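Just below is one structure, and these are the notes that go with it.
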Amino acid sequence: MPEPSEFELIEQQLKDLEKKKQKLLTRKAALLSQTSNQPSLNSRQKVELWLLNKAHGISE
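Remember, my numbering sits 3 above the position in the sequence shown when you count from 1.
This is how it looks when you write it as C-alpha cells:
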C-alpha cells in the first residue's frame, strides 16, 4: 500500500481536529447547562469554562 500523500495526511489531521473541537463544544455546552441549573460553578468548572472560551476566541 502506498504511503499517504501530504494532502491525505493533512486531511486526516483536519478530521481529527474537528472531532476534538466537537468534544470541546459538547463539554462547553454541558458546563453552560450546569450554570443554568446551578447558579455558581466551582473553581475547577470556572477555569475549564474560561479555557474553553479562550480556545474558541471568546473573551470575558
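C-beta atoms are modelled at their ideal positions from N, C-alpha and C, and glycine is treated no differently. As the structure is a computational prediction, the values presented were derived from the model and not from experiment.
query                                                                                                     : result
So L12 and R30 are in contact, right, with Cβ under 8 angstroms, and what is the actual spacing, rounded? : Actually they do not touch by this definition, with Cβ atoms about 27 angstroms apart.
What would DSSP say about L17, mapped onto helix, strand or coil?                                         : helix
What's the gap between the Cα of Q16 and the Cα of Q48?                                                   : 29 angstroms
On a CA-only basis, which of D19, L52 and P5 is nearest Q37? Give me that one, please.                    : L52
What residue range does the alpha helix (DSSP H) around S46 cover?                                        : S46 to A58
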